[in-house]
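Start counting the sequence shown at 76; every next residue gets the next number (this note's numbering). Cβ coordinates follow ideal geometry from the N, Cα and C atoms, glycine included. Since the model is a prediction, treat every value here as computed from it, not as a measurement. Reading through the structure tokens given below for one structure.
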Amino acid sequence: MGADALGAGRACRGAAAMMRHPFIARIREVDPIARTGRVRRILPTFLEADGPNLPLGALCTIEGSGGGTLAEVVAVEAQSVVLVPFDEERRTFAGARVEACSQADSVAAGDAFLGRAVDALGRPIDGDAPIVGAVRRQLHAPLPTPLSRTSPDKVLETGIRAVDALLTLGKGQRVGIFAASGVGKSSLMSQLIRQTDAERVVVCLVGERGREVESLWERELSDETKARTVLVAATSDQSAAMRVRACHYALALAEQWRSEGRHVLLVLDSVTRLAMALREIGLAAGEPPTVRAYTPSVFSIIPKLVERCGAVRSGGSITAVMTVLSETDDVDDPVSEMMKSLLDGHIVLSRALAEQGHFPAIDVPRSISRLAPSLMAEGERGAASRAVELLSGYESSKVLIEAGVYARGSNAGIDRAIELRPALLGFLKQRQDERVPRSGACEALAAIVGKAA
Numbered sequence: 076m077g078a079d080a081l082g083a084g085r086a087c088r089g090a091a092a093m094m095r096h097p098f099i100a101r102i103r104e105v106d107p108i109a110r111t112g113r114v115r116r117i118l119p120t121f122l123e124a125d126g127p128n129l130p131l132g133a134l135c136t137i138e139g140s141g142g143g144t145l146a147e148v149v150a151v152e153a154q155s156v157v158l159v160p161f162d163e164e165r166r167t168f169a170g171a172r173v174e175a176c177s178q179a180d181s182v183a184a185g186d187a188f189l190g191r192a193v194d195a196l197g198r199p200i201d202g203d204a205p206i207v208g209a210v211r212r213q214l215h216a217p218l219p220t221p222l223s224r225t226s227p228d229k230v231l232e233t234g235i236r237a238v239d240a241l242l243t244l245g246k247g248q249r250v251g252i253f254a255a256s257g258v259g260k261s262s263l264m265s266q267l268i269r270q271t272d273a274e275r276v277v278v279c280l281v282g283e284r285g286r287e288v289e290s291l292w293e294r295e296l297s298d299e300t301k302a303r304t305v306l307v308a309a310t311s312d313q314s315a316a317m318r319v320r321a322c323h324y325a326l327a328l329a330e331q332w333r334s335e336g337r338h339v340l341l342v343l344d345s346v347t348r349l350a351m352a353l354r355e356i357g358l359a360a361g362e363p364p365t366v367r368a369y370t371p372s373v374f375s376i377i378p379k380l381v382e383r384c385g386a387v388r389s390g391g392s393i394t395a396v397m398t399v400l401s402e403t404d405d406v407d408d409p410v411s412e413m414m415k416s417l418l419d420g421h422i423v424l425s426r427a428l429a430e431q432g433h434f435p436a437i438d439v440p441r442s443i444s445r446l447a448p449s450l451m452a453e454g455e456r457g458a459a460s461r462a463v464e465l466l467s468g469y470e471s472s473k474v475l476i477e478a479g480v481y482a483r484g485s486n487a488g489i490d491r492a493i494e495l496r497p498a499l500l501g502f503l504k505q506r507q508d509e510r511v512p513r514s515g516a517c518e519a520l521a522a523i524v525g526k527a528a
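Structure, rendered in structure tokens:
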């Protein structure tokens, strides 16, 4: 090879390396053309402006008292755009200047966020120093293609007996916690965050009270847990745009670590409040209301969020635990039904168990992990199936048993269910600070149900 060819090759490699430099990436995001408009109409939750002409999801800066505020384009018409502000505290006025952001919607991510609590825009809310050394990535990254995914084949240990022995989860699985208020959902969630075997943990709190955010971060999580965790929070007093963006941002953080080949646990609390925020934005954008006033975009956006999670062939995975609030224990609302169809399993919490002081209040017969049969050994599957059969058998005859009508000896299956119920309930109950190895949980369950053989 001649000297000219060698020189050309080095030049090409040097140019390619330079184009990958982060400064070059930031320069590419700059829009040299200033696109502006003016606010024409102001309503409590959204604004209308005569420009700039931008696509859905684009960001703008709106002039206002106390400085400019970011807003997102949620509807576009021939002569106007509808904007939802991220910060409703900063007041704007008719005629205020609206300017397109000069930067594409990329966000900071990476290990610089470990041990930090941030808002939906990546700004620290923990009072510590600004975050430095982060990498940039797209907020809305392309979804993994179907054949770039892989089915979870590694067991995820949670340290919770009821989950590990009866509802075994896999790394990369998407599972929901379905519960009404006051049945221990937050306690179970914090236990999963502390005990689950994951390299990185992303916690997203949407529409929660500020006190709940503080309690989880400052009281529930140890320094050791925080060292592998990032918290993204958008409280109930913040705008709908902030609540929705918090979910997208949490997913972007998780996707960055998955792209590095890590196993990430994503905890989203809650999908119901996300749906409410999407409904608020959809109604402001002029979408027609459907069941319970949810707009069509709710049933379009949430499936995409779920599909961004999972395991990929490159080696990384995002295990998603998403909570769903239900007004009744029958779990009959459209968001609950949609999530059941999208997820790889659901854990149902029972008010009746919670009222008896039984925690975690997991209703095992009504819960399911769709991946458990492929993850469990044959003996484990048999023990779990027998335990569910015993629990269901008791529940089906509970009225007769408690009324004293059932006569012992009339049904051998019910007799065994009555006999083993105290041992099974004792197995399923667990202190919040207790972590049980999965092997020990499976052995203990096998010892209990073995008596029923």
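Spatial neighbours of arginine 116 in its chain, beta-carbon cut-off 6 Å, leaving aside the 5 residues before and after: Glu123
Any 3 or more C-beta pairs closer than 8 Å across the segment 441-448 and the segment 277-284: no
Residue interval of the alpha helix (DSSP H) (run including isoleucine 376): 373-382
Sheet register partners of glutamine 213 (DSSP bridge): Ser181
Under 8 Å between C-beta atoms of valine 207 and alanine 187: yes
Cβ pair count under 8 Å reaching 3, the segment 410-417 against the segment 387-399: yes
Rounded C-alpha distance that separates valine 511 from valine 238: 11 Å
Cβ-based neighbour list, arginine 275, same chain, cut-off 7 Å, excluding 5 preceding and 5 following: Arg303, Trp332, Arg337 and Val339
8 Å Cβ cutoff met for glycine 257 and phenylalanine 434: no
Opposing strand residues paired with alanine 254 [DSSP bridges]: Leu400
Contact belief for leucine 353 with valine 366 at Cβ below 8 Å, rounded distance in angstroms: Not quite, the Cβ-Cβ distance comes to about 14 Å (not below 8 Å), so this is no contact.
Three-way DSSP call (helix, strand, coil) for cysteine 517 in this model: helix
Start-to-end residues for the beta strand (DSSP E) that takes in glycine 112: 111-117
Environment of tyrosine 369 [buried if 16+ CB atoms lie within 10 Å]: buried
Endpoints, the alpha helix (DSSP H) within which isoleucine 493 is located: 487-503
Distance CB(proline 221)-CB(glycine 247) smaller than 8 Å: no
Near the ligand SAH: valine 387 beta-carbon under 7 Å from a heavy atom: Absence of the ligand SAH is noted for the structure shown, with no ligands found whatsoever.
Those residues which DSSP pairs with glutamate 123 across a bridge: Arg116 and Val157
Boundaries (first-last residue) of the alpha helix (DSSP H) holding cysteine 322: 315-334
Which residues DSSP lists as bridging threonine 271, in chain order: According to DSSP, threonine 271 bridges with nothing at all.
Reference glutamine 213, options Tyr324, Leu417 and Asp419, closest by Cα: Tyr324
Beta-carbon proximity check, valine 277 vs valine 319, cutoff 8 Å: no
Simplified DSSP state of isoleucine 235, which is helix, strand or coil: coil
Nonlocal neighbours in the same chain, by C-beta distance under 6 Å from valine 149, ignoring five residues either side: Val157, Val159, Ile356 and Ala360
Cβ pair valine 114, isoleucine 137 closer than 8 Å: yes
Segment limits, alpha helix (DSSP H) that includes threonine 370: Counting along the chain, threonine 370 falls outside any alpha helix (DSSP H), and DSSP gives it neither H nor E.
Rounded straight-line distance, which links the Cα of glycine 285 to that of aspartate 201: 12 Å
Chain-order list of residues whose beta-carbon lies under 7 Å from that of glycine 234 (same chain, five-residue window excluded): Gln270, Arg510 and Val511
Three-state secondary structure (DSSP) of proline 199: strand
Expected contact under 8 Å - CB spacing of valine 463 and valine 480 to nearest Å: Wrong, their Cβ atoms sit about 25 Å apart, outside the cutoff.
CB of alanine 171 within 8 Å of CB of glycine 139, strictly: yes
Element boundaries [alpha helix (DSSP H), containing glutamate 174]: Run containing glutamate 174: none in the alpha helix (DSSP H); it sits in the beta strand (DSSP E), 172-175.
Nearest candidate by alpha-carbon position, reference aspartate 194, set Met317, Ala184 and Gly142: Met317
Valine 406 versus isoleucine 377 - alpha carbon distance: Only weak support is given to the placement of valine 406: the predicted model assigns it a pLDDT of 49, under 50, and the value that follows is read from those uncertain coordinates. Their backbone Cα atoms lie some 18 Å apart in a straight line.
Proximity below 8 Å, CB of glutamine 431 to CB of arginine 236: no
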